[in-house]
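The next block holds one structure in the form of structure tokens; read it before the comments.
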Amino acid sequence: MNAIEKQLQLQLNRRMSYFLTLLIVGLLFIWSISTIHVDSISNNGAKIAKNILVGLLQPDWTLLFNATTGGIPYLLIETMAIAFLGTIVGAFLAIPLAFLSASNIVPKPIAFVVRLLLIIIRTIPAIVYGLLFIRVTGQGPFAGVFTMSLTSIGMLSKLYVDVIEDLDKSVLESMEALGCTLMEKIRFGIWPQLTALFLSIVIYRFDMNLRDATVLGLVGAGGIGAPLIFAMNAYKWSEVGAILVGLILLILMVEYLSNRVRTKLVKG
Amino acid sequence: MQWKLLLPKKIVLPNGKEVLEKRSVMPLIWLLLFILTLLSIRITGFSLEVLRDRIDQFFVIAQQMVPPNWGYVTKLWQPLFDTIKMSLLGSVAGAICALPIAMLAAANITKNKWIAMLSKFILSLLRTLPTLIIALIATFIFGLGTMAGTIAIFLFTIAYVGKLLYEQIENVDMGVFEAMHSMGLSTIQAFRYAIMPQILPNYLSTSLFCFEGNVRYASILGYVGAGGIGLLLNESLGWRSYANVGMILLMLVCTVFIIESTSEYFRKRLM
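Just so you know, the protein sequences line up as chains G and U, in that order. Under our numbering, the first residue of the first sequence carries the number 1, and numbering increases by one thereafter. Under our numbering, the first residue of the second sequence carries the number 1001, and numbering increases by one thereafter.
Laid out in structure tokens, this is it:
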């Protein structure tokens, strides 16, 4: 046996674990196939699909360039405003929660309880929040703002925590050695480390919120979701096509911009 | 280039040398954010007074959710498992289909620029379409039920995993791949032995993460008739039986907690 073969044998045998993983995933896959009921597919599914596609490819251009409050441009601006304000409110609400659930800042039990709370906040569907807030504010974009902010808190604080736990402590130590006060340490030691990364996280979440904003339409919490869903339920596919064109263009634009800004923020 | 608009500050050192200090753009960014916030407040009708006076209304329904209606559990198991199955099937199938699409979209594997561009465009188009809308369209085509939800989750998973995957493939170390290519292996073979081992842990971890999110997403899809526990949630909200809603939420939170902890454990092992 030469040296190469010896080295090869030293390597862990992963075959067994690969096989087991595949087996488990395969079994779960087969188990979940039972959820597919092919018989419920309507016979004219293909025809409906064709109608939808034709409608989507012929968007209603007058609606797309309608400048009144019922037109798509205004609805898109409203959606952006909801997502923007919701993200900002959520970003502020998430900061204390993030510090409270960072295990290098507070004791372990508190961090665990706050993490559990975050999972609960994150899991409750947006529809439920929407209904709760509509009682407070009445129907409209105002309810949407708070729904967005509550649904953003979970992910925002989870990502914040990762940043907080990666804080460079040696800077703080050297500042302490220089005789800095606590406020100075926060202002010049912690703040500069956090702002850029936090901002980048918030921009990312804004991107996601803009995408999720259609959900708000289900409960009447403003934005472009409600007209979109109404148009779909009324089978007005050219209207749906127009709204989707506007929405997709907006999202692609925001995504491009936010990617540029975020790389600039993170890389400096 | 936009930074040049701001004149740098001149500092004269004691030895007479001039040093230029770049101005920070942070104040400008804060100002911009502030203006945008004010505009958004105007558009959305945000008002703190309403919030202060009526915030107690928020807890009226929330209080009715506790204690949850424990007797409702027996009816929940089937839809809950439907939701899990929906997201599992959609995630696994989507993650598998994402691999070839990501290969096509990666500029360093696919030499044809147009194919790569087209695949990237399809991926971003799929990602931009809201999942809820895909589910709604799917219910029109495939009828009400879990099938529509599975399709929506499947498409979303392809888009999400596909994008992260092609970014990873493009950042991979190409040396091994080229060496194998020059030894006469086909592109697929070289991909399998040179690139797969490098991206596999990340690929699996991304797919698991996507699955976690999908479970949460699947619970909403029922709202448009795409099956699962969302259907019952919609029903209970409509009938205002908030104790039942409380029970559904409790079950959802427990399920998501279990799935997240398990998948987080595996993701940590993978990295």
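Backbone N, C-alpha and C fix where the C-beta goes; we use that ideal spot for every residue, glycine too. From a predicted model like this one, the values you see are computed outputs, not experimental measurements.
Sub-8 Å separation of residue i and residue j beta-carbons
i                : j                : result
V266 of chain G  : L159 of chain G  : no
I1087 of chain U : N1171 of chain U : Note on identity: in this sequence residue 1087 of chain U is Ser, with Ile being the wrong assignment. No. Outside cutoff.
D1082 of chain U : G1184 of chain U : no
M175 of chain G  : T87 of chain G   : no
L305 of chain G  : T1037 of chain U : Because residue 305 of chain G is not part of the residues shown, which for chain G are 1 to 268, the question remains open.
I1061 of chain U : R122 of chain G  : no
A231 of chain G  : I248 of chain G  : no
T1116 of chain U : A1106 of chain U : Looking at the sequence shown, residue 1116 of chain U is not Thr but Ala. Yes.
V1224 of chain U : L1237 of chain U : no
I82 of chain G   : V163 of chain G  : no
S1207 of chain U : V1161 of chain U : yes
V1092 of chain U : V215 of chain G  : no
V189 of chain G  : V161 of chain G  : Here residue 189 of chain G is Gly; the residue named in the question, Val, does not match the sequence. It is not a contact, given that the beta carbons lie outside the stated cut-off.
L1123 of chain U : I1101 of chain U : yes
P1197 of chain U : L1270 of chain U : no
I1169 of chain U : I1109 of chain U : yes
T1187 of chain U : P141 of chain G  : no
T1131 of chain U : F1156 of chain U : yes
T151 of chain G  : A143 of chain G  : no
V1066 of chain U : M1247 of chain U : no
Q1057 of chain U : Y1242 of chain U : no
V52 of chain G   : F1140 of chain U : The sequence as given places Ile at residue 52 of chain G; Val does not occur at that position. Yes, Cβ-Cβ distance for I52 of chain G and F1140 of chain U is below 8 Å.
R1267 of chain U : S1219 of chain U : no
L76 of chain G   : L250 of chain G  : yes
Own chain residues within Cβ distance below 6 Å of residue i, not counting five before or after
i                : result
F79 of chain G   : The question names Phe, yet the displayed sequence has Thr at residue 79 of chain G. Correct list, in chain order: A213, G223 and I224.
L1089 of chain U : T1150
L1231 of chain U : G1222
V89 of chain G   : S149
I201 of chain G  : L159
I1134 of chain U : A1152 and L1155
F1211 of chain U : S1091
Three-way DSSP call (helix, strand, coil) for residue i in this model
i                : result
L1013 of chain U : coil
V1019 of chain U : strand
R15 of chain G   : helix
V106 of chain G  : coil
I224 of chain G  : coil
S1047 of chain U : coil
K50 of chain G   : helix
Q1078 of chain U : helix
C1097 of chain U : helix
A234 of chain G  : coil
T35 of chain G   : coil
L1164 of chain U : helix
K169 of chain G  : helix
M1174 of chain U : coil
T195 of chain G  : helix
K1085 of chain U : helix
A1105 of chain U : helix
K1120 of chain U : helix
S1091 of chain U : helix
P1130 of chain U : coil
S1024 of chain U : coil
G1071 of chain U : helix
G71 of chain G   : coil
Q58 of chain G   : coil
K1111 of chain U : coil
Residues near residue i by beta carbon distance below 7 Å, same chain, minus five either side
i                : result
G71 of chain G   : L63
V1012 of chain U : E1018
I203 of chain G  : S258, V261 and R262
F1191 of chain U : M1103 and I1109
N104 of chain G  : E165
Beta-carbon proximity list for residue i, same chain, < 8 Å, skipping 5 on both sides
i                : result
V245 of chain G  : P59 and L64
L118 of chain G  : L97, S101, I153, G154, S157 and K158
G241 of chain G  : G55, L56, L57, Q58, P59 and D60
Q1002 of chain U : Because the pLDDT at Q1002 of chain U is just 48, under 50, the model does not fix this residue reliably, and the value given afterwards should be weighed accordingly. Excluding residues within five positions, none has a Cβ falling inside 8 Å.
Scan the region 1181–1269 of chain U and note each continuous alpha helix (DSSP H) run of 4 residues or more that stays entirely inside, going in chain order.
-> 1187–1190, 1196–1221 and 1229–1238
Residue ranges of each alpha helix (DSSP H) run of no fewer than 4 residues wholly in the region 73–158 of chain G, ordered along the chain?
-> You should have 108–123 and 126–137.
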